[in-house]
Every structure is written in structure tokens, then in C-alpha cells.
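Notes to accompany the following structure.
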Amino acid sequence: QAVWLSQLGRIYADNAQWTAAELAYRELAQVPGRAAAGAIEQAWLLYRRGDGVDAALMRMGEAVQAAPKDARPYYETARLLAQAQRYNDADAWYRAAMQHDPDNPRYALAFAQNARSAGELTQAEARLQTALANHGKDAALWAELAELYRQLAQPEAAVGALTQAIAVSSEPNAGYHRRLAALYTELGDATAAQAEEEIALAIEGRGRP
């Protein structure tokens, strides 16, 4: 029932049927153990509807109260603040999410991305290096580091990070190889760029009939 209500609310919200979506999310919040999830969905609905950040944050606060030991309400609060470009405020909530679930690399990734979004590239790199010390086999962290190096005009370092992302990825990723091809093109290595593009095409063709 909880999954169905969440999906129903999102369908309504995607079609700007705000009242119907809100009713679905309120019903979701009444499902045992889903009060926090319902409050989170309501918070995002308020934000998307244009009710303002403060109104959405009040709902996020209800989510935190409903599940104070769960990392997700802290993470979603951080996401909301980052979406509103309140990056400094978001930092504290990302830290709280990481404290509640230190083994989840997604939170460390978002923490680093928040610094990059704020234009604090040196800080973003430091956060990524810290995250990789704990989650060295997480491909998304390596890929984020590659993107950061690209922004810092360090294509060689970006190649190294993206190569590592490919090495630790749990499954072939055409997007990573295409990004690597673009980096090799930037470095003037047409042969390597072509090889990566061919790998990307092969990966995409793997699932075709």
C-alpha cells in the first residue's frame, strides 16, 4: 500500500494535481512506519507547488521527528536546501545524514556535490578524497572526482579518476566511456577517444535484439 500511495502521489504531482497528490501523501503518512516518508513527499510537493522553502522545511522537520535515527529525512532536507541554493545550510544536514548512515556513499557524494554546486571546488575535492578513503570502490565517487578535475582544467587527472570509475563499476557503463572519449579528444588523443567510443557503442548494443 505504501509503495502504491507514493507512486500515485507522484503521478498526481507530475500532472500538477496538487490536492490529489497531497491527499495521497497524507494517507501514506498514516501507514504504520511510513510517517517520515509521507512527510518527505509532502515537503517536496509543497516546494514544487511553489509554497516556498520554509513551508517545505516544516514538513521535513516532521519527517525528522518521525524518524530521528533514520538518515533519509536529514538527507532529503539537505537536498531541499541545496535545490534552493542554500548550500551552507545544506552542508549541516548532509553531515547529519552521514553521521546517521556513515556506510552510505550516496550521502558522501551529495556532500561533495554540494560544495561543487556552491563553487567551492577545492573543498569539493577534499570531500571526495575523504569519501574515497572510506568508499574506494564506489564508481560514482570516482566519476564525480573526474568531473571536478574536468572543471578544474585538469584533463589528465580526470582521465585517471574516470578510468578508476570504470575499473570499480559493478557493470559496464557506456556513459563513463563516452566521457572518457571526450577527455581523450580534449587531450588530442584521437585513437584513444575512438577506442572509448567503440566500447560505449558495444555496451549499448549488448542489450539490443
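FYI, my numbering numbers position 80 of the sequence shown as 184, with every residue one higher than the one before it.
Every residue gets a Cβ at the ideal spot worked out from N, C-alpha and C, and that includes glycine.
DSSP places R138 in no alpha helix (DSSP H); its state is neither H nor E. The C-beta distance from Y211 to Y179 rounds to 6 Å, short enough to fall under 8 Å. Between L213 and E229 a beta carbon distance of about 13 Å is seen, past the 8 Å cut, so the two are scored as non-contacting. No Cβ-Cβ contact shorter than 7 Å links L185 with A171. Here E260 is exposed: its Cβ has fewer than 16 other Cβ atoms, across all protein chains shown, within 10 Å. The beta carbons of A216 and A235 sit about 6 Å from each other, so the pair counts as a contact at 8 Å.
Here D158 is exposed. Its C-beta has fewer than 16 other C-beta atoms within 10 Å.
Per DSSP, G165 is one residue of the alpha helix (DSSP H) stretching across 157-170.
In this structure, the alpha-carbon of H204 lies about 9 Å from that of R176. Contact between Y198 and A182 holds: CB atoms are separated by about 4 Å, below the 8 Å threshold. The C-alpha of S273 is placed about 20 Å away from the C-alpha of A296. Residue state for N277 is assigned as coil, using DSSP reduced to three classes. Between the alpha carbons of R138 and D118 lies a distance of about 21 Å.
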